[in-house]
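So the structure is just underneath, and the comments pick up after that.
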Amino acid sequence: MNFWNITLSLLEGLEKTCMIFALTLVLALPLGLIISFGSMSKFKPLSYLVKTFVWIIRGVPLMLQVIILFYVPGFILGYPILSRFSSVVAAFVINYACYFSEIYRGGIESISKGQYEAGQVLGMTKTQVFFKIILMQVVKRILAPMANEVITLVKDTALARVIMIVEIIQAAQNFAGYGLMWPLFYTSVFYLAFVGILTLLFSYFEKKLDYYKS
Amino acid sequence: MSILEVKNIVKNFGKIQVLKGIDFSMEKGEVVAIIGSSGSGKTTLLRCINFLEEADKGQIFVNGQCIYDGESTEKRTPAQIREAQLNFGLVFQSFNLFPQYTALENVTLAPKLLAKERADYKENKKEILDEIEENAKALLARVGLEDRMGSYPCQLSGGQQQRVSIARALALNPKVLFFDEPTSALDPELTGEILRVIRDLANKDVTMVIVTHEIEFARNVADRIIFMADGVVLEDGTPEEVLDHPKNEKTQHFLSSLNH
Ligand SMILES: Nc1ncnc2c1ncn2[C@@H]1O[C@H](COP(=O)(O)OP(=O)(O)OP(=O)(O)O)[C@@H](O)[C@H]1O
Ligand SMILES: [Mg+2]
Numbered sequence: 002m003n004f005w006n007i008t009l010s011l012l013e014g015l016e017k018t019c020m021i022f023a024l025t026l027v028l029a030l031p032l033g034l035i036i037s038f039g040s041m042s043k044f045k046p047l048s049y050l051v052k053t054f055v056w057i058i059r060g061v062p063l064m065l066q067v068i069i070l071f072y073v074p075g076f077i078l079g080y081p082i083l084s085r086f087s088s089v090v091a092a093f094v095i096n097y098a099c100y101f102s103e104i105y106r107g108g109i110e111s112i113s114k115g116q117y118e119a120g121q122v123l124g125m126t127k128t129q130v131f132f133k134i135i136l137m138q139v140v141k142r143i144l145a146p147m148a149n150e151v152i153t154l155v156k157d158t159a160l161a162r163v164i165m166i167v168e169i170i171q172a173a174q175n176f177a178g179y180g181l182m183w184p185l186f187y188t189s190v191f192y193l194a195f196v197g198i199l200t201l202l203f204s205y206f207e208k209k210l211d212y213y214k215s
Numbered sequence: 025m026s027i028l029e030v031k032n033i034v035k036n037f038g039k040i041q042v043l044k045g046i047d048f049s050m051e052k053g054e055v056v057a058i059i060g061s062s063g064s065g066k067t068t069l070l071r072c073i074n075f076l077e078e079a080d081k082g083q084i085f086v087n088g089q090c091i092y093d094g095e096s097t098e099k100r101t102p103a104q105i106r107e108a109q110l111n112f113g114l115v116f117q118s119f120n121l122f123p124q125y126t127a128l129e130n131v132t133l134a135p136k137l138l139a140k141e142r143a144d145y146k147e148n149k150k151e152i153l154d155e156i157e158e159n160a161k162a163l164l165a166r167v168g169l170e171d172r173m174g175s176y177p178c179q180l181s182g183g184q185q186q187r188v189s190i191a192r193a194l195a196l197n198p199k200v201l202f203f204d205e206p207t208s209a210l211d212p213e214l215t216g217e218i219l220r221v222i223r224d225l226a227n228k229d230v231t232m233v234i235v236t237h238e239i240e241f242a243r244n245v246a247d248r249i250i251f252m253a254d255g256v257v258l259e260d261g262t263p264e265e266v267l268d269h270p271k272n273e274k275t276q277h278f279l280s281s282l283n284h
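Chains as they are written, first to last, in my numbering: chain X, 2 to 215; chain E, 25 to 284.
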């Protein structure tokens, strides 16, 4: 068990971490937009239903949600319907989509009514107004809070180990059985690098959108 | 035949009746100024005609064709509302330019989207888009912004932004162009440039309705002045009739309050 073996094991764990991260992001970003439309719906029953759902998902610890999604169907049906990995991804997608939806909602509601009306009197359809006028402005406004959420997601992936998925922290912890503590601290190097890259990426996007003020 | 005829428009906000039956009509090429104290319903009237609010009662005709009928029980589809909307253009008090687009893009956005619905769009795509671009450039030049076409709204002064928004409204060739206090969000030294642009449009026979507090400007540019108070039209006549020989006491009161 030298430094390189251990690094290699941690990299294997990191692969799981990255997969959970990427899948969550790709699926939760659009799902969050749909949920935000639901919570802003003029049809009150729908908006209350969605808001209650968001409250529950944001209120219950993510760790519990992961456990519930994996074990509860098994208890009820007698067999698990989702693999360990899919349960984690499903729980993360639902959880993050709810957080994203609130960020989207804040962003969308912060755009002045005048922008919609200007588009409308120019004969644009609702869809055109949203995609050609509103969306870009929303993206610019929510970039900073989104960066926060995305960075939190990197570290939340460590929760996957509650259902025995060997992501990077679990991979390090496995060495504790051999009396090695340092791999656990060593993982923070990987997290820092990961978050560092994301930070650079987000500041690049921010610069890209810096050409105008709203 | 009148290019625009508005009959008995009524609008309630909750229990408050803001428009109590507005009637007026105008001919092609005519410039009508609407004046009246704050809260008299001028903005609401413009919003109802431009379908940003739905009137509760009344009718709107364009060239004799009914585009809105409050009595009709059929719900209009969004497509029908859009079609009706395209008869008019509206210039807002607060410009409402799209901040992420340049002046030129602000003007071309809607025409380009609209062009996609043309039957010959696929065949003649390039010519159509070029034509829209040329037309937009000509309009921006007309409002004195030929050298600011590539600027973003945040890089323009309030007066320049308002001129872009006028060009943007003109780009769709509205039959009637409405202005809601186009200069009241501007510093006093910038109002002149907007008033010059509007006067120039008036000279070119653009049909316009201008809500304004600039009485002297209204006198100079308008063929007719409408005075509104508490949701009704109290005066409708030439500038001399309305401003110099008002029939109604409220008009006299309003006009004298402006001079003090
Ligand atoms: N969305 C709304 N909901 C409720 N009341 C409204 C709404 N919009 C306007 N009103 C009311 O309608 C009345 C007329 O308002 P409007 O904005 O049309 O007046 P205006 O003549 O344009 O005034 P100003 O000269 O100040 O712009 C006001 O009493 C206003 O409070
Ligand atoms: Mg007003």
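Cβ coordinates follow ideal geometry from the N, Cα and C atoms, glycine included.
What does E:L133 touch in chain C if you count any residue whose Cβ is under 7 angstroms from its own?
Reference to chain C is not applicable here, since the protein chains of this structure are X and E.
Just to confirm the assignment, what range does the beta strand (DSSP E) spanning E:L114 have?
Here residue 114 of chain E is taken as the residue at index 90 of the second sequence, counted from 1. Here the beta strand (DSSP E) through E:L114 covers 112-115.
Could you check what DSSP says for E:L76 in three-state terms: helix, strand or coil?
Within the second sequence, the letter at position 52 stands for residue 76 of chain E. E:L76 falls in the coil class under three-state DSSP.
How long is the line joining the alpha carbons of X:A173 and X:F195, rounded to whole angstroms?
As a working mapping, residue 173 of chain X is identified with position 172 in the first sequence. As a working mapping, residue 195 of chain X is identified with position 194 in the first sequence. Taking the straight line from one Cα to the other gives about 17 angstroms.
Nearest to E:S2 by CA position, among E:E170, E:H237, E:I222, is which residue?
In the structure as shown, chain E begins at 25 and stops at 284. Residue 2 of chain E is therefore absent and cannot be evaluated.
Going by DSSP, what residue range makes up the beta strand (DSSP E) through X:Q174?
For this step, residue 174 of chain X is matched to residue 173 along the first sequence. Looking at the DSSP string, X:Q174 is not in any beta strand (DSSP E); the run it does join, the alpha helix (DSSP H), is 169-174.
What is the residue span of the alpha helix (DSSP H) that E:C178 lies within?
One-based indexing of the second sequence puts residue 178 of chain E at position 154. E:C178 -> no alpha helix (DSSP H), and no H or E assigned at all.
Let's test the definition: count the other Cβ atoms within 10 Å of the Cβ of E:N130 and tell me whether it reaches 16, buried, or not, exposed.
Mapped onto the second sequence, residue 130 of chain E falls at position 106. It counts as buried.
So is E:E240 buried or exposed if we call it buried at 16+ other beta carbons inside 10 Å?
The count along the second sequence starts at 1 and reaches residue 240 of chain E at position 216. Answer is exposed; the Cβ neighbour count stays below 16.
Over what stretch of residues does the alpha helix (DSSP H) that includes E:L43 continue unbroken?
As a first step, residue 43 of chain E is located in the second sequence; it is residue number 19 there, counting from the start. That residue, E:L43, is in no alpha helix (DSSP H); its beta strand (DSSP E) goes 40-50.
Where do the N-terminal and C-terminal ends of the beta strand (DSSP E) with E:K35 fall, by residue?
Along the second sequence, read from residue 1 onward, the residue named residue 35 of chain E stands at position 11. Note, E:K35: beta strand (DSSP E), 28-37.
Check whether the Cβ atoms of X:I164 and X:V89 sit closer than 8 angstroms, and answer yes or no.
In the first sequence, residue 164 of chain X corresponds to position 163, counting from 1. In the first sequence, residue 89 of chain X corresponds to position 88, counting from 1. Result yes, Cβ atoms of X:I164 and X:V89 sit closer than 8 angstroms.
Quick check on DSSP: helix, strand or coil for E:K199?
Numbered from 1 along the second sequence, position 175 holds the residue referred to as residue 199 of chain E. Correct three-state label for E:K199: coil.
Taking a contact to mean a Cβ-Cβ separation below 8 angstroms, would you say X:E168 touches X:I104 in this structure?
By 1-based counting over the first sequence, the position of residue 168 of chain X is 167. By 1-based counting over the first sequence, the position of residue 104 of chain X is 103. For X:E168 and X:I104, no; Cβs fall outside 8 angstroms.
In whole angstroms, what is the alpha-carbon distance linking E:G45 and E:F37?
As a first step, residue 45 of chain E must be located in the second sequence, where it is residue number 21. As a first step, residue 37 of chain E must be located in the second sequence, where it is residue number 13. E:G45 and E:F37: Cα-Cα distance of roughly 14 angstroms.
How many Å lie between X:R162 and X:W183 at the Cα?
Locating residue 162 of chain X in the first sequence gives position 161, counting from the first residue. Locating residue 183 of chain X in the first sequence gives position 182, counting from the first residue. X:R162 and X:W183: Cα-Cα distance of roughly 19 angstroms.
Rounded to the nearest angstrom, how far is the Cβ of E:K22 from that of E:D80, given a contact under 8 angstroms?
Any property of residue 22 of chain E remains undetermined from this structure, which presents chain E solely from 25 to 284.
Taking beta-carbon pairs under 9 angstroms, can you tell me which members of the segment 118-143 of chain X lie near chain E?
Answer set for the segment 118-143 of chain X: E118, A119, G120, Q121, V122, L123, G124, M125, T126, K127, Q129, K133, I134, M137, Q138, K141.
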